[in-house]
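Trainee:
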Amino acid sequence: DRVVPCSWACVTAFALKSYAPQDTPHASPVTSTKRQFQSRFDSRTMGIGSLFIVNNETESLCALKHWGATVGHVSVLEKVFASHRASVKHNLYADVLTTEGKQYCFHITRGEITYIATCETETEPLMVIEFLTQLHVVLKAYFTDVTESVLQEHHVTLYQLLDEMLDSGIPVNTHPGGLKVLVPPPNLLNRAQSVVFGHQGVLVSDQDPLKLLPLPWRSNNIKYASNEIYLDIIESIDATLDSEGRVLHSAIHGAIEVNSRLSGMPDVSLSLSNSHLIEEYSFHPSVRLSRFATDRVVSFVPADGTFTLMSYKVKAPQVKAETNSWQPKYIKQNAWQQGAVGGFNSPTTTQVPLPLYIRPQATFGSTQGRVSIVCGTKPAFEKPVESVTLEVRLPDRVTFADPSATHGLASYDDVGHSVRWMIDKFPVDKTPCLTVQVTLESYEASDLAKQGGKGSSGKAVPGEKNGRRVRLQELVDIHCNFSVSGVGVSGIKVETLQVRNEKYKPSQGVRYHTRGGRVVV
Amino acid sequence: MAGNYADDAQIEEERRELDKALRSTNAREKLDGLKRLIGMMSSGKDVSSFFAAVVMNLAQDSFELKVLVYIYLVRTAEQKADEALLSINSFQKDLAHPNPRVRALALRVMSSIRVPMIVPVVILAVRKCAVDVSPYVRKAAAAAIPKVFRLDATRQNELVEIIETMLRDSTPFVLSSAVAAFQEVCPTRVDLIHRHFRKICRMLVDMDEWGQILMANLLTRYARAQFKQPDAYDRELTASSVARGSGQVESPTLALALPGDGGAFEKQSANPVGTAGFYSDSESSDGSSDASDSDDDDDSDGDTKKKKTKPSKPKAPKQNASLAAAANAGGESYLDDDHRLLLRSSRPLLQSQNAGVVMAVGALHFYLAPVADLPKTLRALVFAMRCKPESQHIVLKNICTMVAVQPTLFETHFNAFFVHPADPLDVRGLKLEILTHVCTAENAPVLLRELQAYLRSSNDQFVALTIRAIGRCAAIMPQIATVCVRSLLELSLHPSEKVAGEAVVVIRALVQRDPKEHLHVVMRLIRRMEQLRSPAARAAVAWLAGGELYVFGADAEKDAEAEAVLERVKAVAPVLGAAGDGASATNVDGRVDTETDGPESAAETPAAAPSPEHTGKVLSTVRAVEQGALHAIAVSANGEAKEEPTTDAEAADSLMGEPGAAASETATPTEVPELDPVQNQVTAMVISSKDSSKKKDKKKYRKEKAQAAKVERKARVVSAAKSARETRTDFWELAFAVIKRSLNGFPNETDTTKLQILNTACKLYVKSPERAGPVLSHLLAMCACDGSVDIRDRARVYKAMFAVGGNATPLATFGKQILLCAKPAPALPSPAAQTCLHALGSLSHAVEHKAPGFVDLPAHPQVAPPSSVRDLHYASANDAAGKSGKAGKGGGDFYSDSDDSDSDSDGSLDSSEYTDSENESGSGSSDDSGSGSGSDGDSGDSAGSGSDDSGSSSDDDADDVSDDDASSDSE
């Protein structure tokens, strides 16, 4: 009854199919003979063959474009939707690669839109996936939010963008800043122009691209009345807790988002305090890598608008916990465990400054069950923890759940078998508690149903053993999200931010923000 | 076309309106019409009927209109090939348009029209645009090449020519498209790359990310073909590493005991603090050595000869900081200069935000960099995996292969591979696979705890995978096996058939590795057989029940070796006297002889005869009964060479490989040398033994035997411990009871389970013919009317062997050996072969089969081809560059080390005229920074170059870009 999301096995099965052109039925005799001829050589066409943009909720097609031969979209979409549905059903990350006929389909989902690219031959899979990701970024920069209706409204811009971004199946130019020079975004100004002049607003700029575009990500005629640059340092904590609330594993990942509204060609250099904590990093293409390698200064010519300047991973925090004898290589595994337990009460020695605690308790009987979760903040954090969301994924055999919370909102979603509990702000005096009464499908019933087919071998299992089985089986996943604004958890801070090469003095701002990334209990 | 909509009047009317709008004279109406048309197109409707009306609009001057028409044209031209030809003229006109944007667009659309008839025209246009002044147009030309190639592959030669010109281009923007074309049209023409190799390496940093991916692939292939292997480590998944991956421990290829950098690597991984130091050192020294390298490169481009005289200077002195680094430099010292250039210039790309780039460069480094350099690459990969959930699967898959090749590399990252509850199943599988590979004694406790947490998941399939992973870990590290087996035993009661089955199968495999240890586990498991429902589990338990004899057999051998050498001598002596046959003279047989048990002694007499005959007999039986082949072979091997497992295997192999007489012949020679050592050994023992002790031992021995005979008539074992015997008895009783009961449901079992039950019953029979006899005959009777051919055959063989109510056949003598021979512990293969042999990062790797168009990576040459091929164009540019090289140092240092060298050499490579002109102008360097920074747009650092670029840019790309560059720089 369970649908396996990805079908690697069928990949192999499809691969051996012979070359059978699926082209349009309108092919003239000339082209068809040509195509037969071509098929002998066609083995090296690489890159993306076709691209579909679809709405995954209504399962309808928003746009499609072919770079190679036309691909029948119906079967491809079927496959993708099936895989998408499966991943939604099980609350998983979607897989990205499926096959249909001789097409390899890559697909990623963003909101209600799914982007699908197909290719027939050897192409770097990550290139395709990254392209789709980037396509979404570009569309977002153009249309602010990407929905089916928006895409249909601006289909001309969309097609032009696709034309510019992908030539002969190979991604070419994917920086939103650069593309805006070539294909002006549909903004108010353009629309006003088209009304006033009775003529279409500037749909396409016909200027020489290279005059305007010395850097692929920044055109040089950007002008703002007030020059501003804002940095958001967003750090997220990944943590895995065990059922007693101990931290098993944790890591801090951070990203610096820049919102740049600067005129001309500024040259920005950013130096960070505590930059030695950064263990691993990746940069926007605009950052001069050698500069960072030598003196740890992030020096760049910013792209216009919002972009992610860098993302980093903070070193495992053994630096902070000097008193603790934690070993990076897990040689003394027990010390680490004790450290985590000890750190739970005394925040000074904690390795993972997780600002809140979660203590779940779950008991399941044969037909009834109860899950209770206590959640609260740790006093160590000076800023309040806000908008905590706990998603409790209950086992599959739960038929109904009735959540009730002492604080915040709780609701049950019976498709994904999960309970959502949202707490905006923690009350001062009491700790919130969530109690979920669940009704379960009787285990023995399903057990017997299975045994029925087996015939004589299934005798009644002693009740005591059954109880043990159940306890082993049931596991509640709790996914937690929270945010703390105004504080960076790793201690990485912006020291200085200098803008050179332009005369103006921009206003600057830095925000710190901490998020729960993938906190799992 | 119209037929589709004939019944729908409204649509028909819409279409008419649209047609009218398209033919309108009002530009605005036209635009509106076109927009609507494209809207229809994008929702998948057929719009080719408007073709004529649309094409008419091509002649319009409005750029917007053109763009829309082009969008339409590309989509529909294929269906209207003849009408499409009409549009060619207006394309031709646009190709001469003053605006580069229009030219590029025209070329792009023209080449996208998939009508083979226009190919010659397109090629002409491409050739013209390939030398256009605007890089934008040149890029469009480069991108057009593969499109033409797809349309008409016979034009390859012409296209290659164009590619050759385009590869000379020094704008990274253009070059990346040119390389894409190269990859598609003529990937084998390595000779085209030689002279551009260094330029490409240096430009790598400045290209757009997509170009970097393509380039990294190209360079990987190039370097594999042109450079020697960086060190002696395995880079590819070989058969041996696959075997290791499936549970065979420590194959020699993976022992990191290599001279030089191997030692360094060991040190590094053993000492985390040292590792950190090494990283930071190497990083900082990378930075500085990069700087020095850039100087070096500047110089070298200035003077090629100088470069040749100091080939590998820069790295060595800098990295002396730590021992590891020194060894690293030592390891790297024999790398080709260009090889190092490649590695150095690609390293910064690991910090890209694009996971594709990281993967491509990671693969490049994995294949080409010395192992000591790899940790940095791997960290980048692990990081990329975390940052992009979408790419996670593919990155993991690649890491998985890397791990299978070099398990030690990822040890430090192992907690990055812990499974997240939202991971899809295949990602989980990959993670588990990686975890089992990186499992070491140090991280085993943590790993096990983590795996045990997974066991509580509600996804049965995942739990089954986890069980398998635990089993694999335990197989790698026997010290944790006991813990694992205990926890798995719990799981054998899991409600899910699949999970329970998997647990039992894994237990079985683990138990077989060390049977004595897990005796109680086995007994508990056998008691539970009733409750198990999974056929695999039942089969495994049935096997375990029969495994009793095997368990104690191994036990006995150990005991015998340890405590009772003398007894053994005694036992062997009569056999020695009788036939001089050492091979079958295991202590067991000998002893039975002395005991003289009725039927058994008869059975043993032929066994004492020369073994070649036996082989022959067995072989004849083999031929007669095909199904019994494996067992018979095992017997012959067993009987001949029990002492030495290797010979055992050989004999078995030869028997299996060659049928009939040939096999027996091959078996004989392996047999002969076997005799001598045994005999020697025996004689030596006889000499050393003393009479008194002999007697005493004999007495004791007899006493014991008398006791034992009560329980087991065929005592193979000389074990003094009474308790052991008792357990053995218990075990037998238990197994017997279980088997007896399992007969009830026998017809409902699956084939494998049936076979195992049959085997076990036979084993029990061997132990105690009287009690097990009726059961066995009943069982054989049931098997004889079974549906499966295999089982009927097996039953027939056994029937013949044990002569249940019939005459003894020659086979009977081997009954015991057939059933009780030592079986190799089964490997626990990974649930799916998660690794494959294709090049890392490729689509073929991701889908585990050869995608069309995939070409295997070339192997490293034994002897590196001369590096002089890459010098070619520097040599010709020698003079000019020598003069111009000096001033360029400080200039174009934006992202790459030195752009200047490329462009000036490039300017001069084409012909001697250019070098002349450069000589005259004398300031080639400043133009370099102009072009270099113009393309990557350095505004701050190279501000100085802006002043004089207009004067000198003429010789930079004398053929094309001059005015363009000048204009962009003067902005």
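Protein chains in written order, with this note's numbering: chain V, 329 to 849; chain U, 2 to 972. Virtual Cβ for every residue (Gly too), placed ideally from N, Cα, C. Remember, predicted model here, so these are calculated numbers, not experimental data.
If you draw a straight line from the alpha carbon of residue 32(U) to that of residue 135(U), how long is it in whole angstroms?
Mentor: So the alpha carbons of these two residues sit roughly 29 Å apart.
Trainee: Does the beta carbon of residue 632(V) come closer than 8 Å to any beta carbon on chain U?
Mentor: It does not: the Cβ of residue 632(V) has no partner Cβ on chain U nearer than 8 Å.
Trainee: Which chain V residues sit within Cβ distance under 8 Å of residue 418(U)?
Mentor: Within chain V, no residue comes near residue 418(U); the closest Cβ sits about 11 Å away, beyond 8 Å.
Trainee: Take the Cβ of residue 594(U) as the centre, count every other Cβ of all protein chains shown within 10 Å, and call the residue buried at 16 or more, exposed below.
Mentor: Reliability of the predicted coordinates at residue 594(U) is poor, the pLDDT of 35 falling under 50, and the value obtained from them is presented with this limitation in mind. It is buried - the Cβ of residue 594(U) has at least 16 other Cβ atoms within 10 Å.
Trainee: How would you call residue 447(V), buried or exposed, if buried means at least 16 neighbouring beta carbons within 10 angstroms?
Mentor: Under this definition residue 447(V) is a buried residue.
Trainee: Measuring only the C-alpha atoms, how far is residue 424(U) from residue 455(U)?
Mentor: Computed Cα separation, rounded: 12 Å.
Trainee: When you compare the CB of residue 501(V) with every CB in chain U, is at least one pair closer than 8 Å?
Mentor: Residue 501(V) counts as touching chain U.
Trainee: Against chain V, which members of the stretch 346–368 of chain U pass a CB distance test of less than 7 Å?
Mentor: Here the close residues are 349, 352, 353, 354, 355, 356, 357, 360, 361.
Trainee: If you reduce the DSSP assignment to three classes, tell me which class residue 131(U) lands in.
Mentor: It is coil, neither helix nor strand.
Trainee: Going along chain U, which residues have a C-beta under 8 Å from residue 464(V)?
Mentor: Correct list: empty, because the minimum Cβ distance to chain U is about 11 Å.
Trainee: Which class does residue 597(V) belong to by DSSP, given the choice of helix, strand or coil?
Mentor: Residue state, collapsed to three classes: strand.
Trainee: Looking only at C-alpha atoms, which of 731(V), 704(V), 703(V), 589(V) sits nearest to residue 697(V)?
Mentor: It is 731(V).
Trainee: Of the residues that make up the stretch 480–491 of chain V, which ones have a beta carbon closer than 8 Å to any beta carbon in chain U?
Mentor: Cβ contacts with chain U: 480, 483, 484, 486, 487, 488, 491.
Trainee: For a contact meaning CB atoms closer than 8 Å, what does residue 612(V) contact in chain U?
Mentor: Within chain U, the residues near residue 612(V) are 354.
Trainee: To the nearest angstrom, how far is the alpha carbon of residue 468(V) from that of residue 691(V)?
Mentor: So the alpha carbons of these two residues sit roughly 45 Å apart.
Trainee: For chain U, find out if any of its Cβ atoms is closer than 8 Å to the Cβ of residue 688(V); answer yes or no.
Mentor: With 8 Å as the cut-off, residue 688(V) does not count as an interface residue toward chain U.
Trainee: How about residue 25(U): is its C-beta nearer than 8 Å to some C-beta of chain V?
Mentor: Cβ-Cβ to chain V under 8 Å: no for residue 25(U).
Trainee: Give the interface partners of residue 479(U) over in chain V, defined as CB-CB distance under 8 Å, in chain order.
Mentor: The premise fails here: residue 479(U) is roughly 19 Å from chain V at the closest Cβ pair, so nothing lies under 8 Å.
Trainee: Flag residue 609(V) as yes if its beta-carbon sits less than 8 Å from any beta-carbon of chain U, otherwise no.
Mentor: Cβ-Cβ to chain U under 8 Å: yes for residue 609(V).
Trainee: Between the Cα of residue 392(V) and those of 466(V), 426(V), 488(V), spot the shortest distance and give me the residue it belongs to.
Mentor: Taking only the C-alpha atoms, the option nearest residue 392(V) is 488(V).
Trainee: Whole angstroms is fine: what's the gap from residue 729(V)'s alpha carbon to residue 764(V)'s?
Mentor: If I take the Cα positions, the gap works out to 6 Å.
Trainee: In whole angstroms, give me the CA-to-CA distance for residue 430(U) and residue 440(U).
Mentor: If you take the alpha carbons of residue 430(U) and residue 440(U), they lie about 15 Å apart.
Trainee: Below 8 Å CB to CB, which residues in the same chain sit around residue 436(V) once its five sequence neighbours on both sides are set aside?
Mentor: If we look at residue 436(V) and ignore the five residues flanking it on each side, its Cβ neighbours are 422, 424, 442, 443, 457, 460, 461, 464.
Trainee: Can you find a C-beta in chain U that's less than 8 Å from the C-beta of residue 276(V)?
Mentor: This structure gives no information on residue 276(V), because the portion of chain V shown stretches from 329 to 849.
Trainee: Taking the beta strand (DSSP E) that residue 389(U) belongs to, which residues open and close that run?
Mentor: Taken as a continuous stretch (DSSP letters only), residue 389(U) belongs to no beta strand (DSSP E), as it is neither H nor E.
Trainee: For residue 11(U), name the three-state secondary structure that DSSP assigns.
Mentor: Helix at residue 11(U).
Trainee: Which residues of chain V have a Cβ atom closer than 7 Å to the Cβ of residue 181(U), listed in chain order?
Mentor: Correct list: 498.
Trainee: Return the residue from the list 133(U), 79(U), 80(U) that minimises the CA-CA distance to residue 98(U).
Mentor: When each option's Cα is compared against that of residue 98(U), the closest is 133(U).
Trainee: Nearest by alpha-carbon distance to residue 147(U): which of 486(V), 497(V), 454(V), 474(V) is it?
Mentor: Nearest of 486(V), 497(V), 454(V), 474(V) to residue 147(U), Cα basis: 497(V).
Trainee: In this structure, how does DSSP classify residue 906(U) when only helix, strand and coil are distinguished?
Mentor: Bear in mind that the predicted position of residue 906(U) carries a pLDDT of just 37, short of 50, making it unreliable; the figure below should be weighed with that in mind. Helix at residue 906(U).
Trainee: Can you tell me where the alpha helix (DSSP H) holding residue 105(U) begins and where it ends?
Mentor: Run containing residue 105(U): 101–113, per the alpha helix (DSSP H) assignment.
Trainee: Is residue 473(V) buried or exposed, if buried means 16 or more other CB atoms sit within 10 Å of its CB?
Mentor: Exposed: under 16 other Cβ atoms inside 10 Å.
Trainee: Is the stretch 754–763 of chain U touching the stretch 786–795 of chain U in the sense that three or more CB pairs, one from each, lie closer than 8 Å?
Mentor: Yes, they touch.
Trainee: Residue 90(U): buried (16+ other C-beta within 10 angstroms of its C-beta) or exposed?
Mentor: So residue 90(U) counts as exposed.
Trainee: Hey, out of 80(U), 405(U), 128(U), whose CA is closest to residue 115(U)'s CA?
Mentor: Of the listed residues, the one whose Cα sits closest to residue 115(U) is 80(U).
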